[in-house]
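Quick notes on the structure that follows.
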């Protein structure tokens with residue numbers, strides 16, 4: 003079974019310009035900010051499509067859109083998701099880093115509809131890129147995680163919050179329901195959403211996900227699997243985004259979208275695979291100059 007990273011380097015933004023998206027892919031404390039709480043007036047919709055259903059505005063406030071200016075012409079492409087983990091830092095997937103030139107990236111905070119300016123957005127330049135030192139470009143080897151240091155802090159305007167993170171080395175039980183969010187593909191023909199999507203997705207414990215019928219030995223203990231029911235999954239454009247789980251009284255980002263099966267995203271016994279955040283907390287806090 004071939005695997006594919008779930009970034010989407012084809013959707014462009016800037017001066018209301020949007021490029022066409024190919025239908026086939028062959029290869030998922032700070033000043034002014036408050037910590038995330040349960041989203042107010044939040045109700046999950048139940049339509050089960052690849053990219054989920056429209057999230058309610060102003061709910062997943064730590065979710066960001068990572069955008070890339072591939073031609074240095076001011077047109078930014080949504081390539082991946084990410085999560086606010088500090089007013090100056092965004093957590094995303096290492097495979098989302100297409101260039102180490104930080105000037106080619108920006109982060110859209112408070113984003114909901116990628117095609118409209120709604121007044122809630124903050125577009126912030128990236129000052130530095132910190133990729134996990136053991137990332138070697140091979141998704142199956144893990145360590146698919148990176149931090150983006152922002153050029154200016156995220157401002158707490160009511161549309162942005164710092165994500166709560168899991169406890170060190172914490173794991174979730176089999177079938178624990180979480181929510182995947184992002185602007186990834188919604189179907190097999192390459193349809194991309196305007197609005198942030200959400201979908202409930204159940205955790206597959208490592209002892210199951212690492213069996214030959216599932217992902218086998220490429221599902222490492224530093225990864226987290228969720229889905230695999232053939233209905234809900236992450237897809238291209240979701241990479242780097244969060245796996246949101248309500249745990250111990252708070253929403254926590256337990257995973258960073260890493261990879262899924264090539265071809266159809268939502269294949270039975272081939273769940274979306276996430277970088278397990280709890281395995282990388284020590285590295286993250288050290289990289290940010292903070293104590294765990």
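Numbering (the working numbering), first residue to last: 3 to 294.
All C-beta atoms, glycine included, are put in the ideal place defined by N, C-alpha and C.
Per DSSP, cross-strand counterpart(s) of residue i
i	result
residue 155	DSSP, once it has assigned bridges, lists no residue as partnering residue 155.
residue 137	Note: residue 137 sits in no beta bridge, so no partner.
residue 203	180
residue 84	66
residue 55	200
residue 272	269
Inter-residue Cα distance where the pair is residue i and residue j
i	j	result
residue 286	residue 119	32 Å
residue 195	residue 121	19 Å
residue 279	residue 100	21 Å
residue 354	residue 123	Nothing in the structure corresponds to residue 354, since the chain is present only between 3 and 294.
residue 273	residue 177	12 Å
residue 255	residue 126	22 Å
residue 66	residue 110	6 Å
residue 164	residue 253	11 Å
residue 173	residue 71	36 Å
residue 214	residue 74	44 Å
residue 283	residue 116	30 Å
residue 294	residue 175	24 Å
residue 77	residue 242	21 Å
residue 133	residue 139	11 Å
Given residue i as reference, the closest of the options once Cα atoms are compared
i	options	result
residue 130	282, 106, 114	106
residue 271	138, 132, 207, 134	207
residue 69	294, 63, 79, 283	79
residue 158	102, 288, 60, 275	60
residue 108	155, 214, 229	155
residue 248	171, 180, 104	180
residue 229	294, 197, 250, 262	262
residue 93	74, 139, 167, 57	167
residue 55	174, 289, 252, 198	198
residue 144	223, 186, 64	223
residue 102	150, 284, 175	150
Under 8 Å between C-beta atoms of residue i and residue j
i	j	result
residue 95	residue 142	no
residue 112	residue 161	yes
residue 91	residue 152	yes
residue 298	residue 220	One cannot answer for residue 298 here, as it falls past the ends of the chain, which runs 3 to 294.
residue 281	residue 171	yes
residue 62	residue 246	yes
residue 104	residue 128	yes
residue 291	residue 238	no
CB-CB length for residue i against residue j, believed under 8 Å
i	j	result
residue 277	residue 264	Contact doesn't hold; Cβ gap of about 19 Å is too wide.
residue 184	residue 240	4 Å
residue 98	residue 86	About 15 Å separates the two Cβ atoms, so there is no contact after all.
residue 275	residue 217	7 Å
residue 210	residue 226	No, residue 210 and residue 226 are not in contact; Cβ-Cβ is about 12 Å, not under 8 Å.
residue 200	residue 57	4 Å
Closer than 7 Å: residue i CB and nearest the ligand ADP heavy atom
i	result
residue 70	No copy of the ligand ADP occurs in the structure displayed, which carries no ligand at all.
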